[in-house]
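Undergrad: Position in the sequence shown counted from 1, then plus 1225, gives you the working numbering. All C-beta atoms in this analysis are idealised placements derived from N, C-alpha and C, irrespective of residue type, glycine included. As the structure is a prediction and not an experimental result, all values here were calculated from the model.
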Amino acid sequence: MAALPAYRWRLAPDGYATRRQLRARGLRPGGQEVAAVIERPRRRRPPLVAHLYLLDLALPVRPMTAARWAALAKANTARRTCPACGRDAGYVIPTALGTCVPCAYPEDVQAAA
């Protein structure tokens, strides 16, 4: 495996982009391998590294279909539904708790009432 070209922060040549830059242009890497890296130096720590992809090989982002929107809405609803009480909490339930806040701390709810 050959080493990737490494560029300093803000000094990458034209024709390369990070994932975020590709997304801002409506593109995606499209299965291509990382073409280069950018390194941002930091004091007393290893440098931050960002992967760069070739713009020429990038593909357009796939459009959201009605089925994808429905699946996304269903997944978000599942993240808000408490498994203990079955109610929609109105927020994404923290994975550390596993349930909505009133179910996780019932004594606090009773003391507040």
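Suppose you measure from the CA of arginine 1305 to the CA of proline 1238; what does that come to, to the nearest Å?
TA: 44 Å
Undergrad: Can tyrosine 1316 and leucine 1277 be called in contact, C-beta distance under 9 Å?
TA: no
Undergrad: So, using beta-carbon positions, are glutamine 1257 and leucine 1279 closer together than 9 Å?
TA: A Cβ-Cβ contact shorter than 9 Å links glutamine 1257 with leucine 1279.
Undergrad: In the region 1280-1313, which residue ranges form an unbroken alpha helix (DSSP H) of at least 4 residues, counting only runs that do not cross its ends?
TA: 1291-1305
Undergrad: For glutamate 1332, does the three-state DSSP call read helix, strand or coil?
TA: helix
Undergrad: Ignore the nearest five residues each way along the sequence and tell me which others in valine 1274's own chain have a CB closer than 6 Å to its CB.
TA: Val1262 and Glu1264
Undergrad: Hey, would you say arginine 1244 sits closer than 9 Å to proline 1230, going by beta carbons?
TA: no
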